[in-house]
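S.K.:
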Amino acid sequence: MKANVLFICGSLNQTTMMHKISRCLPMYDCFFTPFYAEGLIGQCSRMGLLDFTILGGKHAQNTRQYLVQERLPVDFGGRSRNYDLVVTCTDLIVQSNIRSRRMVLVQEGMILPEGLLYYLVRYLGLPRFLANTAATGLSNAYDIFCVASPGYRELFIKKGVNPDKIVVTGIPNFDNAASYLNNNFPHRNFVLATTTSARETYRRTDRTAFIHKVKRIAAGRDVIFKLHPNEDFERARAEIEKIIPGAIIYTTGNVHEMIANCDEMVTELSSVVYTGLALGKKISADFDLESLRKLLPIQNGGASAQNIASICEELLEQPKPQAQRSVWSFSRLFKLPAQASTE
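When we follow the working numbering, the leftmost residue of the sequence shown carries the number 12, and every step to the right adds one.
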């Protein structure tokens, strides 16, 4: 009998990562689910209160559209089958129905800097999602953690992640930047500005100052803005057109191909900066690029998905965990009865 493997999706980036890994596992029955939660968090997501996260809003909508478009088998919430393995891009929430399963965690991209909430999560046991991706890996609920580079391996070890569980595999979407040079994006020789959804996720940012910075750097050159898929497009468009009336604004499209064709990149804190670094682009940013170069995902010609799939195969040959993993946190105080799925 074929083993059942569940891929837990999230943002479109996470979802395409999961899909690429699954393509390397044709010998198993692979199923997919949009990201889901239980208890109070699950209830809030169903009420639309978490539409700024991967539990709802544009992220969930884009993921569901992708799963339909690619005709991928969906099992919402992973409730319809007993799974032999779970592959996920985040452990900020570890759902109760996967804690007794073999689990592979895959780094999704850039890890945000550690702030006050990170230390409250790490030392006081507050829910990991409060610290965003800075708390990635802290659950210890997985068997293997696949990371982007040796630099990230060292970073996660410093955070307290078990080094025996960390494997440098590279990560899909960020492991073959050179492939983006061959593209059909119609524009070249421009300044590219990539935005984030910091405002939608209640992080501090000054978009007006950012747009003025782009205008100053462009100095009359053509400007293209690629908006983050989770942000308020109408608001962002109005802000840009007020300051740079002639700018081209994209709400969809392959941002990596846009980076490949640009002369210079201006960015807020975002994983896409790694594509620019890998391609040697001139980058203007308000964060330490030298530190990011040390973390740059390995460029292995797109082999990361196969590397991760090989780990999945090895893990499937090992015995299942004997008991449900404990991932205690302060969030248990807010636990409500689990719901079947986010549908």
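Here a beta-carbon is modelled for each residue, glycine too, at the ideal position from N, C-alpha and C.
Reducing DSSP to helix, strand and coil, say where Cys7 ends up.
M.R.: For the chain, the structure presents residues 12 to 354; residue 7 sits outside this window and is missing.
S.K.: Going by beta-carbon coordinates alone, are Ser111 and Pro308 separated by less than 7 Å?
M.R.: no
S.K.: Go ahead and label Gln25 buried or exposed: buried means 16 or more other beta carbons lie within 10 angstroms of its beta carbon, across all protein chains shown.
M.R.: Under this definition Gln25 is a buried residue.
S.K.: Buried or exposed: where does Lys169 fall if 16 or more other Cβ atoms within 10 Å of its Cβ makes it buried?
M.R.: exposed
S.K.: Out of Asn318, Leu280, Phe196 and Ile222, state which residue places its alpha-carbon closest to the alpha-carbon of Ala271.
M.R.: Phe196
S.K.: Can you list, in chain order, the residues of its chain with a C-beta nearer than 6 Å to that of Ser33? Leave out the 5 residues immediately preceding and following it.
M.R.: Once the five neighbours on either side are set aside, the close Cβ partners of Ser33 are Phe18 and Cys41.
S.K.: Taking DSSP as the reference, what is the three-state secondary structure of Ala271?
M.R.: helix
S.K.: Quick one: grab the DSSP three-state call for Ala188.
M.R.: helix
S.K.: Let's test the definition: count the other Cβ atoms within 10 Å of the Cβ of Phe167 and tell me whether it reaches 16, buried, or not, exposed.
M.R.: buried
S.K.: Can you list, in chain order, the residues of its chain whose CB lies under 8 Å from that of Thr44, leaving out five sequence neighbours each side?
M.R.: Excluding residues within five positions, the ones whose Cβ falls inside 8 Å are Leu17, Phe18, Ile19, Cys20, Val85, Asp86, Phe87, Gly88, Gly89 and Ser352.
S.K.: Taking the alpha-carbon of Tyr285 as reference, which of Asn187, Val202, Lys253 and Asn318 has the nearest alpha-carbon?
M.R.: Asn187
S.K.: Does the Cβ-Cβ distance between Thr380 and Ile122 come in under 7 Å?
M.R.: Residue 380 is absent from the model: the chain starts at 12 and stops at 354.
S.K.: Are Val98 and Val115 touching if we call contact CB-CB under 7 Å?
M.R.: In contact: Val98 and Val115 (Cβ atoms closer than 7 Å).
S.K.: With DSSP collapsed to three states, give me the class of Gln114.
M.R.: Looking at the sequence itself, residue 114 is Met, so the reference to Gln does not match. Secondary structure at Met114: strand, using DSSP grouped into helix, strand and coil.
S.K.: Going straight from the alpha carbon of Ser315 to that of Cys35, what length do you get?
M.R.: Whole-angstrom Cα-Cα distance: 10 Å.
S.K.: Determine the extent of the beta strand (DSSP E) in which Leu17 is found, giving its start and end residues.
M.R.: Asn15 to Ile19
S.K.: Quick test of your reading: Phe201 and Ile235, contact by CB under 8 Å. State the CB separation rounded to the nearest angstrom.
M.R.: 5 Å
S.K.: Quick check on the DSSP output: the alpha helix (DSSP H) that includes Tyr87 runs from which residue to which?
M.R.: Here residue 87 turns out to be Phe, not Tyr, going by the sequence shown. Run containing Phe87: none; DSSP gives neither H nor E here.
S.K.: What are the partner residues of Leu96, as DSSP defines its beta bridges?
M.R.: Val16 and Arg113
S.K.: What residue range does the alpha helix (DSSP H) around Val225 cover?
M.R.: Boundaries of the alpha helix (DSSP H) around Val225: Arg218 to Ala229.
S.K.: Note the first and the last residue of the continuous beta strand (DSSP E) segment covering Phe167.
M.R.: From DSSP, Phe167 is part of no beta strand (DSSP E) but of the alpha helix (DSSP H) over Pro161 to Lys169.
S.K.: Quick check: the Cα distance between Ala71 and Ser22, rounded to an integer number of angstroms?
M.R.: 7 Å
S.K.: Report the partner residues of Lys293 according to the DSSP bridge assignment.
M.R.: DSSP lists Glu275 as the bridge partner or partners of Lys293.
S.K.: Please determine, among Arg164, Leu290 and His30, the residue with the shortest C-alpha to C-alpha distance to Leu306.
M.R.: That would be Arg164, whose Cα lies nearest to the Cα of Leu306.
S.K.: Using a Cβ-Cβ cut-off of 6 Å (strictly less than) and excluding sequence neighbours within five positions of Asp274, which residues of its own chain qualify?
M.R.: Asn200
S.K.: Whole angstroms is fine: what's the gap from Lys13's alpha carbon to Tyr94's?
M.R.: Going by the C-alpha atoms only, they are around 11 Å apart.
S.K.: Roughly how many whole angstroms lie between the Cα atoms of Thr27 and Leu96?
M.R.: 18 Å
S.K.: Enumerate in chain order the residues of its own chain whose CB-to-CB distance from Glu279 is below 8 Å, with the five nearest sequence positions on each side excluded.
M.R.: Thr205, Thr206, Thr207, Ala209, Thr216, Phe221, Ala296 and Asp297
S.K.: Check whether the Cβ atoms of Lys358 and Ile259 lie closer than 7 Å to each other.
M.R.: With the chain represented from 12 up to 354, any question about residue 358 goes unanswered, as that position is not in the structure.
S.K.: From the DSSP secondary-structure annotation, give me the bridge partner or partners of Ile260.
M.R.: Phe236
S.K.: Am I right that Ser190 and Gly313 are in contact with their C-beta atoms under 8 Å? What's the rounded C-beta distance?
M.R.: 7 Å
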